[in-house]
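All letters in the sequence shown, in the order written, are residues 18 to 173 by this note's numbering.
We put the beta carbon where it would ideally sit given N, CA and C, even for glycine.
A quick write-up on the structure given underneath.
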Amino acid sequence: MMLALLACAPAPSPAPEDTAPAEQAPVAGTFAVTVEAEWAGECDFEDPATYRDAEETWTFDPRANGVLVLFPGVWDVLSCALDGPDFTCDEGSYEAGRTQVTRLVEGVFTADDTIAGALVIELDCGGTGCDTLTDAYGRRLEFPCRSEAAFAGELE
Numbered sequence: 018m019m020l021a022l023l024a025c026a027p028a029p030s031p032a033p034e035d036t037a038p039a040e041q042a043p044v045a046g047t048f049a050v051t052v053e054a055e056w057a058g059e060c061d062f063e064d065p066a067t068y069r070d071a072e073e074t075w076t077f078d079p080r081a082n083g084v085l086v087l088f089p090g091v092w093d094v095l096s097c098a099l100d101g102p103d104f105t106c107d108e109g110s111y112e113a114g115r116t117q118v119t120r121l122v123e124g125v126f127t128a129d130d131t132i133a134g135a136l137v138i139e140l141d142c143g144g145t146g147c148d149t150l151t152d153a154y155g156r157r158l159e160f161p162c163r164s165e166a167a168f169a170g171e172l173e
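As structure tokens, then:
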């Protein structure tokens, strides 16, 4: 009798499939990249131009252990931290006394053939001795501040 009842029971439902999209892996190759012409954000630069070419060529070389090498120009090399599809490259940050300048390239591999992100500049200075920073970037700066210039690129 027990076997007859089990035979009539409905079949168990299959386990739901994992529908989360697969995380995009970093892609090795050369990308045609466009960068915004001006900085946008909190920093009140005297000259907001980024001085970037209208179209640049960036070459990416993913390595083991979360390292990505970025060649943003013929003679330039940046070592970047890679976390899944996200990358962060230090583009010449420095700290001197009470002055701190952070310059980053923050981006993500959005698909097999595209990247997006922003060039980032963060300025901070406290107390006296900030004249050098304000002379270089603008007299109306209020510290700390952050500005960005968005970029997007496609695999060539």
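Contiguous beta strand (DSSP E) assignments of at least 3 residues, all confined to the region 32-108: 46-52, 73-79, 84-88, 95-100, 103-107
If I'm right that VAL94 touches VAL86 with Cβ under 8 Å, what's the distance once you round it to whole angstroms? Locating residue 94 in the sequence shown gives position 77, counting from the first residue. Locating residue 86 in the sequence shown gives position 69, counting from the first residue. At roughly 7 Å, the Cβ-Cβ gap stays under 8 Å, so VAL94 and VAL86 are in contact.
Simplified DSSP state of ASP152, which is helix, strand or coil: As a first step, residue 152 is located in the sequence shown; it is residue number 135 there, counting from the start. If DSSP states are grouped into helix, strand and coil, ASP152 belongs with the helices.
Are THR116 and SER110 close, meaning C-beta to C-beta below 8 Å? By 1-based counting over the sequence shown, the position of residue 116 is 99. By 1-based counting over the sequence shown, the position of residue 110 is 93. Not in contact: THR116 and SER110 (Cβ atoms no closer than 8 Å).
Run through the DSSP bridge pairs and tell me what CYS142 is partnered with. If you number the sequence shown from 1, residue 142 lands on position 125. In the DSSP output, where bridge partners are listed per residue, CYS142 has THR116.
Between the Cα of LEU121 and the Cα atoms of ALA166, LEU172, ASP70, ALA71, which residue gives the shortest distance? As a first step, residue 121 is located in the sequence shown; it is residue number 104 there, counting from the start. It is ALA166.
According to DSSP, LEU121 sits in a beta bridge with which residue or residues? As a working mapping, residue 121 is identified with position 104 in the sequence shown. LEU121 pairs with ASP107, VAL137.
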